[in-house]
Each structure stands twice: as structure tokens, then as C-alpha cells.
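Enquirer: Chains as they are written, first to last, in my numbering: chain A, 1041 to 1678; chain B, 820 to 1149.
Where a beta carbon is used, it is the ideal one built from N, C-alpha and C, also for glycine.
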Amino acid sequence: MTHPPVTPAGPARVWDEQDDRRALARTWHDPEGFFGWFRATTHQAIGRRYVLTAFIFLLIGGVEAMLMRIQLARPENHFLGPARYNQIFTMHGTTMMFLFAVPVMEGMGIYLVPLMLGTRNVAFPRLNAFGYWIYVMGGIFLYANAFTGAMPDVGWFAYPPLSGPQFSVGKGVDAWAQMITYTEISALCVAVELIVTIFRLRAPGMSLNRIPLYCWSMLIQSFMVVFAMPAVMIASTVMLLNDRTIATHFVNPAEGGDPLLFQHVFWFFGHPEVYIIFLPALGFVSAIVQANSRRQVFGYSAMVLSQVATGFIAFGLWVHHMFATGLPQIGEAYFTAASMMIAVTTGIQIFCWLATLWTGRLRMTAAMHFIFGFLFIFVLGGLTGVMLASIPLDLQSHDTYFVVAHFHYVLIGGALFPLFGAFHHWFPKITGRRIDEGLGKFSFWLLFIGFNVTFFPMHILGLNGMTRRIYTYPASLGWASGNMIATIGAGIIALGGLVFIVNAISSMRRGAGADANPWDAAGLEWSVASPPPPWNFTYQPVVSSRVPLWTDPALRTVVTGMRTDRREVLVTGVTEAEPQFRTVLPGASLWPFLAAAGISIGFAGSIFAFSWYYVAAFLGALGIIGWFWPSPPKDVEP
Amino acid sequence: MRPGPQSAFDAAGSAARVTGDLFWYFLIPLAVIFLIVIAIAIISIFRRHRGIEQEPLEGTHRPSAQTERRLTRVVTGASVLTLLILLGFIVASVATGKAISGRAMPSNAITIEVSASQWWWNIHYLNDNASLILTTANEIHVPVGRAVLIRGVSQDVIHSFWVPSLIGKRDLIPSRVTTAWFTAEREGSFRGQCAEFCGLQHAHMALWVVAETPEKFDQWMKAQLADAANPSTPSEQAGEKVFLDKGCSLCHTIRGADVEGLIAEGQVAPDLTHLASRMTIAAGTLPNNRGNLGGWITDPQSIKPGNHMATIPLAAAELQPLLDYLGSLK
Chain A
1041 MTHPPVTPAG
1051 PARVWDEQDD
1061 RRALARTWHD
1071 PEGFFGWFRA
1081 TTHQAIGRRY
1091 VLTAFIFLLI
1101 GGVEAMLMRI
1111 QLARPENHFL
1121 GPARYNQIFT
1131 MHGTTMMFLF
1141 AVPVMEGMGI
1151 YLVPLMLGTR
1161 NVAFPRLNAF
1171 GYWIYVMGGI
1181 FLYANAFTGA
1191 MPDVGWFAYP
1201 PLSGPQFSVG
1211 KGVDAWAQMI
1221 TYTEISALCV
1231 AVELIVTIFR
1241 LRAPGMSLNR
1251 IPLYCWSMLI
1261 QSFMVVFAMP
1271 AVMIASTVML
1281 LNDRTIATHF
1291 VNPAEGGDPL
1301 LFQHVFWFFG
1311 HPEVYIIFLP
1321 ALGFVSAIVQ
1331 ANSRRQVFGY
1341 SAMVLSQVAT
1351 GFIAFGLWVH
1361 HMFATGLPQI
1371 GEAYFTAASM
1381 MIAVTTGIQI
1391 FCWLATLWTG
1401 RLRMTAAMHF
1411 IFGFLFIFVL
1421 GGLTGVMLAS
1431 IPLDLQSHDT
1441 YFVVAHFHYV
1451 LIGGALFPLF
1461 GAFHHWFPKI
1471 TGRRIDEGLG
1481 KFSFWLLFIG
1491 FNVTFFPMHI
1501 LGLNGMTRRI
1511 YTYPASLGWA
1521 SGNMIATIGA
1531 GIIALGGLVF
1541 IVNAISSMRR
1551 GAGADANPWD
1561 AAGLEWSVAS
1571 PPPPWNFTYQ
1581 PVVSSRVPLW
1591 TDPALRTVVT
1601 GMRTDRREVL
1611 VTGVTEAEPQ
1621 FRTVLPGASL
1631 WPFLAAAGIS
1641 IGFAGSIFAF
1651 SWYYVAAFLG
1661 ALGIIGWFWP
1671 SPPKDVEP
Chain B
820 MRPGPQSAFD
830 AAGSAARVTG
840 DLFWYFLIPL
850 AVIFLIVIAI
860 AIISIFRRHR
870 GIEQEPLEGT
880 HRPSAQTERR
890 LTRVVTGASV
900 LTLLILLGFI
910 VASVATGKAI
920 SGRAMPSNAI
930 TIEVSASQWW
940 WNIHYLNDNA
950 SLILTTANEI
960 HVPVGRAVLI
970 RGVSQDVIHS
980 FWVPSLIGKR
990 DLIPSRVTTA
1000 WFTAEREGSF
1010 RGQCAEFCGL
1020 QHAHMALWVV
1030 AETPEKFDQW
1040 MKAQLADAAN
1050 PSTPSEQAGE
1060 KVFLDKGCSL
1070 CHTIRGADVE
1080 GLIAEGQVAP
1090 DLTHLASRMT
1100 IAAGTLPNNR
1110 GNLGGWITDP
1120 QSIKPGNHMA
1130 TIPLAAAELQ
1140 PLLDYLGSLK
């Protein structure tokens, strides 16, 4: 293997950039037409689809939330019956956690990480496409079952024995459990390819200590996915689904199984899941704060180490979801301490951002509005989280609206507001058009006010005794006014969502054109045209600092000599990112779609009969054989 | 949003009181931290407009080394302070946890077994003397000043016992036994509700705990231990017969009901021996009065859809005596 030459960029170019662009366009464009759409493997196409699909699920989950708020607006309301209400809160939680929050973060990562790292695609483009198709099919599978009458109604964590064969007849819970299999496979695909992309495809010179903070958070998140997702597949598929379909007796107490076993395994996933959603959002915050405070984020090493620590501690506090089950006191004390320690690692990051903001030159873009909204809402949610870490306080607030308020504060404040900020921040990059800042700020204020009006009263409702997941309540308990206020707030949120959607669509159609770097930001993604060409970088950049575009242009260099007639990327070392060799990434292919479809058919059937797993194995094997069928090499290395 | 009869703000039991104290101990420092963080964030927005001098960032995009060092000191200090505050919280939390743990329970506690089913509470006052074991449903009476040990079991799915004014949650888990204890510190009626989602009618699974003086409690106990009063009027006697003839007794127990050898000792539904002494029917769903009871017996599925009570068609001539009889079960 020869190292490709690394030559300085300058006026004395001996190569023809236009020629290279034309050749790269021929090599990298995803095929067109109806069938071409199913063959796309560029990270931009897959990332955009992930985000768009996830936003559709956000809309569905939001409508479900609105229905619940209407039902709860008044005591003894008859808008929804108990059966429908239980189904809707289950679908709301499931949709938001599995079909929106994780996939949207994965999708943003797929789109942004290769651009930020200065490479042309993710490490495994076909696996990337496969992961997307599996995710979409899982979502369709859940909702297809729901609309044909098999809607799960046992909550998004589906505790047995309520979710077991005796107490939940019908196929709703099976569909729920199998949908998790789909989305977790998809998340694992993304995790693996992002880990490899971040470790091996970075631009030359982007040593570990120069990786953008967002890519660090995606790297840590991906590792968490690798360790957490298998746990939920064991809980939902191996234990629960098998108990239901082939009468294994893992968690069914009627047959000697242990219902608490399910809770342990589920929350071993379920708590890290929160950080899986939340770490990428912290990456957004760092990137947006850096660009809009005009200075490097304070405390790079502290930020990275805090996130790594979060990744570890997150696996050591799942029991705080189970304090009410009555564990021995020594264990409880340990989990209290662990749960509080996560506030230290998060606190350090908050302090670093505050230091950055304090000494920066703030530019209050719409994205920055969402970051300040994040600070307000997330810090409040984090502080109620400290309360929930205390066992006595948890025993009072567990499974009440206090907890409902808490986790909406941390998830909407901690993940959704940064995500919306990211949407406004990277919108010009992704679409090539500026988003309307005025409408963006208007939607922020509606969402921010609506959010607090909806969820703040829930703290008080919870301590006043209102338990979660009740479809109605008597007027005598004093919960009516708080619930009415919350429902009004939900209406304001819906209005904010509407403004957001209108703004996105109208800006996409009629927004002013965006140049490569509308914010004068520092990341490599801003060095390419908006929207980026499918090959991202005509010449891969060489990086000499943490803020590549804020370094002296005279010192910026690029890599030349890469072949343009095949999808070549440069592979670099894990720590120093020194160029090691070139590798060829596979091009467009229909096989990931076919393999995903074959496996999906088998998975979908398997909730009716176990033998469909054989169909999944057979069709999946066929798909993978096609996928890996060797194609003749373009030609040998020169 | 004033506290109702089911509020953790209105503590009347030992566990709820110390937990309430702990809540304020947490809330005040946390609120101060929140205000400081938000103040710093907001001031940083307006700093530049107020003309406060800022270092130039152009070119380097970094403040001076001196500023960075100062920031490092402040951030480090704040992080250490966070750690110390959290340590304080842990100590306070563990201390409170010990105060409400099983080891701290006084030895003279009365033991009440709470056995949850979809969607009602079966209550057994346990006693070494079998003749003093009492079975009732959906309403617990406790003496003020004496510790009560709740022994929780479940007959079907996971439920959670929670009476916010008296005690935090304890899950009731099938195939397991869980325990928790509290001492009622003043008289009153306190509502509780199942806190772990348990299926269709999770919303209608409430219970009442009545804390009363030891004298009143002993009287109540004595009355409850007695068999049901013999029906005194002809209508009540007819009602007893309806109860035993129409199949009510397949699920419900009325101790002492006996017509020509027919007795009522069904075990899968609430014990009705002293139904008329209770505050509510259908696990806290409706106030216990003649009208509600009649509606409940006639059509339980429209009041609490999906509940496991059978709908038994009764003629008006059967319902009225039945209500007379049930109303006499003081």
C-alpha cells in the first residue's frame, strides 16, 4: 500500500478540479428513477430519509399526545374509553422512544458525521441502507398491526405478567415486542458503522483530540447502543415474545418465571436509552454554541471525559426505575449514589457551555434560541432527576405525573430542543436554502411557552397524587385545574409545531439560497457547497486543529491523488489519523432493501408462527448472498 | 391546585412526613442552583449590549490565556461544589431511607396483608389467633400512633400500593411478598390508588385508609369481626335470598348469610360482610349509597368498563330487596 500524497492547496494546482468533479459525479450519484430510489447508499440520502421518517413518527406521536391531553382535560371525560386510552399512551411512548428519538439522532449522525470528519461516506454504506429499511419496515409493521386491530396497550415498557399470555391476549403486545427487534437491529447497524467511520475514516490530521465534540458524542452513543440494545432484544424478543408465542417461561410467574427479571433487563437498556437519545443532543449544543458564540467551546477535554463517564455511569443506575419493588437497602444506597453522580458529569458540561457563552460574542439565531430553551428546560428536568435518585422521594413520585413531568423535561428539553436547534442550524447545509429565522424564533417561543405550560403543572399534579396512565380521574381530588392548564399548553405546543412545519416547507421551497458557510462556523461540513455533492469533498481536507475553518486558510491543505472512477475513501489511523491506505466503498445496490424486506417478512410472520423465523433466515440469507456477490474489480491498482 | 385527599403535600404518616421534609431539603438548594444557572445564561445574552468590555475573539476564536485560566478555576470550583452538594443529598437521602426502612419499624406493629387483584384490594388483618383474622376490601382502618406493616401480595399482575399522605409506593408483585410500614400520626381519611399500570381499569383502583383513635379502631375491629347482621325486615330477608339465589355468592362472601343451607363464601371478589360500613364501592370508584350501589349492580360495565364483575339481570322486585339487604350490612 502506498500512502497517497498530501499536497498543499494553493493556486499552483496541477490537477483539473472541474474534471475531477465530473468524474466524481459519475461515480457517486445515487441512481435515479423509482427503482433507483431503493438502491441509494450515500450517507446523505440515507440520513435525510431517517430524519424525515422520524419526523413523520414525531407527528404521529404528537397527535397521540394531543388525544390524551383532550381526554384528561376534564375529570370523568368520555372522549376516549379506557381501552383506547391505554392503547394510545402505549403507542405514544413506543413511537417517541423507538420510532422517533433514537432514529432521528441516528439519522442526523449518519448525515453529519462523515461531513464533519471530512470523508465521503460512512464505512459500510450498504449496511447503512439496510438499517434504514429495517427501521422503516419495523415502524410500518407496528402501525399496520395497530390499524388492523392489534394495538399494544401495556405501556412502552410492557411489564409482565400484564404483557404476558394470560393478561394480554391478541397480537398487540407481540407486534410491540417484534417492532423493538426491528428498530434495535437498525440502531445496531448505525452504531457499528459510525464507530468504524469515526475511528478509521477521519480526515488526515484529525487526531483523537481534534474530533468535533458532536462526533465524540455520536461515538460514545454508538458504543452505548452496542451494549444496551442487545439487552432490550433479550427482554422483549427472547423473554417476552417467546413466553407469549412458544410458551417459554422466562418472565411469566404463573409458570415459575420471574417478572422482575424482565424489569432488570429492560431497564439495563432503558436507562442508557435516555443517554443514547440525549448524548447526540449534547453534541448539537456544543456545535451550535461554538458557531454562534464565535469562540471554541471551553473545556474540550472536560466535555469529552464527562461524556465518556456518562456512557459508563449510565449503565450503573437502572435500578432507580425499580426502587418501589423493594430491594435490599444496601443496593438502593449504591444506586442512589450512582444516579446522583450522573448529575456531576452533566453539570460539568453545563458549566463549560455557560463559560463559553459568558466569554463569547453571542449571535442569537433561531438555533441559539433553542439552545437557551434547552438550558432552561433541561436543567430543571435534571434537578428533578436528582430528587428521583433519592429513594424516599422516588417512592412518593414514582409512576406519578411528577415523573411524567421530569422525563418530558429531560427528553424534550434535553433532546428535542437541541434537535430543533440543529434543524435550524444545519437546514441551509442540508437543503441549500436559508430557513426563515423570524418564523424559527416564533416557533421557538410557542414551543417553549407551550412546553412549560403543559408540563410544569404536572410536577404539582404528581405530588398531589395523580398517578400515571389513568384514563380518567374524579373531580374530588383537585386535579382538574392542573390538567386543564396542561391541555391548553399542549394546544400551544401543537401551534408551535405547526409553525415549525410551515417554516420548514416554505423555506425549503422559497428560502434564500445558502452559501457554503452561512454561519461562519468552524466545522468541515461548512467547507463544502450547500447542499453538499454526493461525494462531499472533491479533495479530502487535511486537519491541523479542532476548528478547521477557523484556522489560517494558508495553512489548510487537502489530499489529492484519490481515484475518481470508483468510490474511494482514505483510511486513517485510530489515534493520530495518519493516512494508511485507500479503500473502495460499495456503490448503489438493491440488495440491502431486498435483504431487509426478506427478513422483515419473516419477523412479521413470526408473531403468528415460530416457523416464519426460518423464512426470515432463508430470505435474509438470499439477500445477503446477493449483497456480497463479488463484482469484477474496476481494474488493479496502478 | 390545593392538595386533595390524595396528596403527598398533606402528610399524616411517619413515612410521608419524613419524606416531605426531605423534599424541601432537596428543593431549596436545587431551586437556587437552577436560578443561578439561568441567570448566568441570560446575563451572557445581554452582556454585550450593556457595553461590558469583551476581549476580541477575531482570528483566534479564543479568549486570552488569562481568561481561560479564570474560567477553568470557576468551572472546577462549580464542579467540586456540585459534588459536595450531591454528597449532602446522598447522606440526607440515605438517612431518611433508614428511618423508613423495615429495620426501623417498632415491634408492636399490626400486620395487614394487602392482596391486589384487577382492579380491587383484598385486605386481611393478620393475627396469630385465627379467630381475629379479618377480611375486608378496599378500605383499611388503622389506629393513630401504632405502626402498621403492609404485607403486599398480588393475585394477577403487578400493582403498587400508594397512599401519598401516609406512605410511598410499594409494588405488589405476583409470586413475591413485599413489605412496607408506616405510623399514622393524626386522624383522617386518606385516599390511595394503584400506582403501577395494571390494565384496563388501572384508573379505578383506589382505596381509603381511615386513621382513627385506638378506641375507635378497636370498636371498628370488633364490629367487623362479627358476622353479618341477620336481616330484620321482610324486604331484607328477601334480599338475602336474592343474593344467595342469583349467584352473587359464587364470588362474594357474606359471613353469616344463610338461607336454607345456601351460604356466601366466594373468594374472588370483595368480602361484603360489612359493605354498608364502607365509604365507597367498586374500589373507590363511587361513594357508597343506595343509588350508586343499585346502578353498580345493574350495570357494572358502564361504570367501570372491563371490570370482572358479572352483570346479573335482576327484576326491580329483586333489586330493591337486595339493596335493602346490602344496605343493612353495617
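Roughly how many whole angstroms lie between the Cα atoms of Leu1044/B and Pro822/B?
Expert: One C-alpha to the other measures close to 34 Å.
Enquirer: So which of Trp938/B, Arg995/B, Glu1004/B, Val1061/B has the shortest CA-CA distance to Pro1033/B?
Expert: Comparing Cα-Cα distances from Pro1033/B to each of Trp938/B, Arg995/B, Glu1004/B, Val1061/B, the minimum goes to Glu1004/B.
Enquirer: Run the CB neighbour count on Pro1045/A, radius 10 Å, all protein chains shown included, and call it buried at 16 or more, exposed below.
Expert: Caution applies to Pro1045/A, whose pLDDT of 48 falls short of 50 and renders its modelled position unreliable; the value that the coordinates give is listed next. That one is exposed.
Enquirer: Where are the alpha helix (DSSP H) runs, 4 residues long or more, that stay fully inside the segment 1064-1112 of chain A, in chain order?
Expert: The segment 1064-1112 of chain A contains these whole alpha helix (DSSP H) runs: 1073-1077, 1083-1112.
Enquirer: Among Gly1066/B, Asp975/B, Glu1006/B, whose alpha-carbon lies nearest the alpha-carbon of Phe1016/B?
Expert: The shortest Cα separation from Phe1016/B among Gly1066/B, Asp975/B, Glu1006/B belongs to Asp975/B.
Enquirer: For His1361/A, count neighbouring C-beta atoms within 10 Å of its own C-beta (all shown protein chains included) and say buried if the count is 16 or more, exposed if not.
Expert: Its Cβ being crowded by 16 or more others within 10 Å, His1361/A is buried.
Enquirer: Tell me whether the segment 942-949 of chain B and the segment 976-983 of chain B touch, counting them as touching only if at least three CB pairs, one residue from each stretch, are closer than 8 Å.
Expert: Touching, no.
Enquirer: For the segment 1118-1182 of chain A, which segments carrying the alpha helix (DSSP H) assignment without a break, of at least 4 residues, lie completely within its bounds, in sequence order?
Expert: As far as the segment 1118-1182 of chain A is concerned, its whole alpha helix (DSSP H) runs of at least 4 residues are 1122-1134, 1142-1157.
Enquirer: Using the rule of at least 16 other Cβ atoms within 10 Å of the residue's Cβ for burial, across every protein chain shown, is Gly907/B buried or exposed?
Expert: So Gly907/B ends up on the exposed side.
Enquirer: Any beta-carbon of chain D closer than 8 Å to the one on Gln1120/B?
Expert: Reference to chain D is not applicable here, since the protein chains of this structure are A and B.
Enquirer: So Ser1516/A contacts chain B; which residues on that side make the cut at Cβ distance below 8 Å?
Expert: What Ser1516/A touches in chain B: Gly823, Pro824.
Enquirer: Met1404/A touches chain B at which residues, Cβ-Cβ below 7 Å?
Expert: Ile864, listed in chain order.
Enquirer: Ordered along the chain, which non-local residues of its own chain (more than five positions away) have a Cβ less than 7 Å from that of Gly1066/B?
Expert: Counting only Cβ-Cβ distances below 7 Å, and skipping sequence neighbours, we find Ile1131.
Enquirer: For Pro1143/A, which residues in the same chain have their Cβ closer than 8 Å to its Cβ, ignoring the five residues on either side in sequence?
Expert: Here the set comprises Tyr1090, Thr1093, Ala1094, Phe1097, Tyr1175, Thr1223, Ser1226, Ala1227.
Enquirer: Considering only the alpha carbon of each residue, which of Thr891/B, Leu1091/B, Thr886/B lies closest to Thr1072/B?
Expert: Closest by alpha carbon: Leu1091/B.
Enquirer: Does DSSP classify Glu1006/B as helix, strand or coil?
Expert: If DSSP states are grouped into helix, strand and coil, Glu1006/B belongs with coil.
Enquirer: With distances taken from CA atoms, which of Phe1457/A, Asp1434/A, Gly1400/A, Met1427/A is nearest Phe1416/A?
Expert: Measuring from the Cα of Phe1416/A, the nearest candidate turns out to be Phe1457/A.
Enquirer: Check whether the Cβ of His880/B lies closer than 8 Å to any Cβ atom in chain A.
Expert: It does: the Cβ of His880/B has a partner Cβ on chain A nearer than 8 Å.
Enquirer: Can you check whether the C-beta of Ala1014/B is within less than 8 Å of a C-beta belonging to chain A?
Expert: So, interface residue.
Enquirer: Could you list which residues in chain A have their beta carbon closer than 8 Å to that of Phe845/B, in chain order?
Expert: Those within 8 Å of Phe845/B in chain A are Val1426, Met1427, Ser1430, Leu1433.
Enquirer: Could you tell me whether the Cβ atoms of Gly1480/A and Ser1570/A are closer together than 8 Å?
Expert: It is not a contact, given that the beta carbons lie outside the stated cut-off.
Enquirer: Nearest-angstrom Cα distance between Gly1113/B and Leu1138/B?
Expert: If you take the alpha carbons of Gly1113/B and Leu1138/B, they lie about 7 Å apart.
Enquirer: Compare the C-beta of Ala1088/B with all C-beta atoms of chain A and state if any pair is closer than 8 Å.
Expert: It does not: the Cβ of Ala1088/B has no partner Cβ on chain A nearer than 8 Å.
Enquirer: How do the segment 1268-1280 of chain A and the segment 1100-1110 of chain A stand: do at least 3 beta-carbon pairs fall below 8 Å, yes or no?
Expert: Because the criterion of three Cβ pairs below 8 Å is not met, the segment 1268-1280 of chain A and the segment 1100-1110 of chain A do not touch.
Enquirer: Which chain B residues are close to Val1266/A, counting only those with a beta carbon under 9 Å from its beta carbon?
Expert: Simply none; closest approach about 29 Å.
Enquirer: Which class does Asn941/B belong to by DSSP, given the choice of helix, strand or coil?
Expert: Strand, per DSSP.
Enquirer: Under a CB-based cut-off of 8 Å, is Thr942/B close to chain A?
Expert: One point to set straight first is that residue 942/B is Ile, not Thr, in the sequence displayed. Not one chain A Cβ lies under 8 Å of Ile942/B.
Enquirer: Using DSSP's beta-bridge definition, name the partner residues of Glu1031/B.
Expert: The partner list for Glu1031/B (beta bridge, DSSP) reads Pro962/B.
Enquirer: Name the residues in the segment 1339-1351 of chain A whose C-beta lies less than 8 Å from a C-beta of chain B; which are they?
Expert: Residues passing the 8 Å Cβ filter: Gly1339, Ala1342.
Enquirer: Starting from Tyr1513/A, find everything on chain B with Cβ-Cβ shorter than 8 Å and list it in chain order.
Expert: Near Tyr1513/A (Cβ distances below 8 Å), the residues of chain B are Ala1022.
Enquirer: List, in order along the chain, the chain B residues whose C-beta lies closer than 7 Å to that of Phe1391/A?
Expert: Neighbours of Phe1391/A on chain B, chain order: Val894, Ala897, Ser898.
Enquirer: Going by DSSP, name the residue or residues bridged to Ser973/B.
Expert: Ser973/B is bridged to Ala935/B.
Enquirer: Quick one: does Pro1140/B have its CB under 8 Å from some CB of chain A?
Expert: Not an interface residue.
Enquirer: Would you say Gln990/B lies against chain A (beta-carbon separation less than 8 Å)?
Expert: It should be noted that the sequence gives Asp, not Gln, for residue 990/B. Closer than 8 Å to some Cβ of chain A, the Cβ of Asp990/B qualifies, so yes.
Enquirer: What number of angstroms, rounded off, separates the C-alpha of Ala1383/A from the C-alpha of Gly1422/A?
Expert: Taking the straight line from one Cα to the other gives about 7 Å.
Enquirer: Give the residues of chain A in contact with Asp1077/B, contact being defined as C-beta atoms less than 9 Å apart.
Expert: Simply none; closest approach about 35 Å.
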